[in-house]
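Input: a single structure, listed below in structure tokens.
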Amino acid sequence: MRKFINAGLLACALMVLGCGQTKLVQLRATHIPVDQNADAIQDQGMVKAVKPYADIAVKTADEAIGYTDQDLTPGRPESLLGNFFADVMLSYAQKHSTGRVDFAVTNPGGLRKPIRKGDIKVAHIYELMPFENALVVLDLKGDRVQALADSIAAHHGGPVAGIRFGINNRKAVNVTIAGEPLDAGKTYRVVANDYIAKGNDFYQELTKASSAEFFTVSLRAVILDWVKQETAKGNHVHATLDGRIYEEK
Numbered sequence: 001m002r003k004f005i006n007a008g009l010l011a012c013a014l015m016v017l018g019c020g021q022t023k024l025v026q027l028r029a030t031h032i033p034v035d036q037n038a039d040a041i042q043d044q045g046m047v048k049a050v051k052p053y054a055d056i057a058v059k060t061a062d063e064a065i066g067y068t069d070q071d072l073t074p075g076r077p078e079s080l081l082g083n084f085f086a087d088v089m090l091s092y093a094q095k096h097s098t099g100r101v102d103f104a105v106t107n108p109g110g111l112r113k114p115i116r117k118g119d120i121k122v123a124h125i126y127e128l129m130p131f132e133n134a135l136v137v138l139d140l141k142g143d144r145v146q147a148l149a150d151s152i153a154a155h156h157g158g159p160v161a162g163i164r165f166g167i168n169n170r171k172a173v174n175v176t177i178a179g180e181p182l183d184a185g186k187t188y189r190v191v192a193n194d195y196i197a198k199g200n201d202f203y204q205e206l207t208k209a210s211s212a213e214f215f216t217v218s219l220r221a222v223i224l225d226w227v228k229q230e231t232a233k234g235n236h237v238h239a240t241l242d243g244r245i246y247e248e249k
């Protein structure tokens, strides 16, 4: 099937019509057929100019920056991949925030691909986290934290760190933060990604935060740097299932 590109010409015409007293005196349109043969037409000058950068990108993506001795896979109520990811978020926020950070949450749908046992390459982190998300630390009262945990429980769990609770009848029970029972009157600080901080997915409670601290570094860069730092220490990337979210019997 052949398609024709004339939307650009139409847009240009509309721009001209919308500019002050400018008068359109003539408009010419040319149909430019685009089909499967178009991909075979290359601007060799452009190809030559871009090639060095493309080669660097390919080489960088294939660079091994770490190693894991296990398959880091997603799942609920908790998972190796989710625990690893949330732990890194919490660790970064606790080191770089202007105040304390109590726990971390992120959305299961944001973790797009497992990390398989073996070398961890730059490309693997991009596949895991293809979005340009950043971190934000939010202040939430304890009653709002309970409501947040209830929402996570209603969806059978999700990646968290620093917080622990059971799921009973789709509600969060026995919620603890840093090993202490949740205090409904206390203000807690939670680190999340900026996507769910806007209330997306099932994280509407995050929009009720009393204040927010934003980080400019991308979440992907945080993960990349953490893996590199662990490798420099001689450590493999490792995660455990520790019952941070569990189905209460």
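Heads up: the sequence shown is residues 1 to 249, going by this note's numbering. Beta carbons are placed, not taken as given, at the ideal position from N, Cα and C, and that holds for glycine.
Once the 5 residues before and after residue i are set aside, which same chain residues still bring their CB inside 7 angstroms of it?
i    : result
E248 : G166, I167, N168 and V173
D143 : A184
P74  : L81, G82, P108, L111 and P114
G199 : L206 and T207
H236 : Y67, T68 and D69
A182 : Before going further, note that residue 182 is Leu rather than Ala in the sequence given. Here the set comprises G142, V145, Q146, V175 and T176.
A178 : D102 and G162
Roughly how far, in whole angstroms, is the beta-carbon of residue i from the beta-carbon of residue j, given that I think they are within contact range, below 8 angstroms?
i    : j    : result
L252 : L138 : One cannot answer for residue 252 here, as it falls past the ends of the chain, which runs 1 to 249.
Q204 : V175 : Contact doesn't hold; Cβ gap of about 18 angstroms is too wide.
H156 : R220 : H156 to R220, Cβ: 26 angstroms. No contact.
Q70  : K117 : 6 angstroms
Which residue marks the beginning of the beta strand (DSSP E) containing residue i, and which one marks its end?
i    : result
V137 : A134 to K141
G82  : First-last for G82: L80 to H96, but that is the alpha helix (DSSP H), not the beta strand (DSSP E).
K171 : K171 to I177
A197 : Note, A197: premise wrong, no beta strand (DSSP E); not H, not E.
I163 : I163 to N168
E247 : I245 to E247
G66  : A64 to T68
Y203 : Neither: Y203 is in no beta strand (DSSP E) and is coded neither H nor E.
T187 : T187 to N193
A104 : F103 to V105
Is the beta carbon of residue j closer than 8 angstroms to that of residue i?
i    : j    : result
I65  : T231 : yes
L153 : R170 : In the sequence as displayed, the identity of residue 153 is Ala instead of Leu. The answer is yes: Cβ separation under 8 angstroms.
T322 : K141 : There is no way to answer for residue 322, as the model of the chain reaches only from 1 to 249.
A134 : T216 : yes
A161 : F202 : no
T106 : A192 : yes
D72  : A239 : Strictly speaking, residue 72 in this sequence is Leu, with Asp absent from that position. In this structure, A239 lies closer than 8 angstroms to L72 by Cβ.
With 16 as the cutoff for other CB atoms within 10 Å, does residue i come out buried or exposed?
i    : result
D87  : buried
A212 : exposed
A197 : buried
A149 : buried
A209 : buried
Taking the alpha helix (DSSP H) that residue i falls in, what are its first and last residues?
i    : result
V125 : Here the sequence assigns Ile to residue 125, which means Val is not the residue at that position. Start and end: V122 to L128.
I223 : L219 to A232
What residues in its chain sit with their C-beta under 8 angstroms from that of residue i, if we drop five residues either side in the sequence?
i    : result
R100 : Q94 and R189
K121 : A61, D62, E63, A64 and I65
L241 : E78, S79, L80 and N83
I223 : F85, V88, I125, L128 and M129
D194 : N133, A134, L135, V136 and F214
H96  : F215
Y53  : In this prediction, Y53 scores a pLDDT of 49, lower than 50, which makes its location untrustworthy; the coordinate-derived value is nonetheless stated afterwards. Taken in chain order, the list of residues that qualify is empty.
D225 : none
V227 : I65, G66, I120, I125 and V237
S218 : E132, N133 and A134
By Cβ distance, which residues of its chain are closer than 6 angstroms to residue i, with the 5 residues on each side in sequence left out?
i    : result
E180 : none
F214 : V136
Y246 : G166
P158 : Note on identity: in this sequence residue 158 is Gly, with Pro being the wrong assignment. So the qualifying residues of the chain are P108 and I152.
Y92  : V222
K233 : none
Of all Cβ atoms in chain D, is any one closer than 8 angstroms to the Cβ of residue i?
i    : result
K121 : Absent here is chain D; the protein component of the structure consists of one chain.
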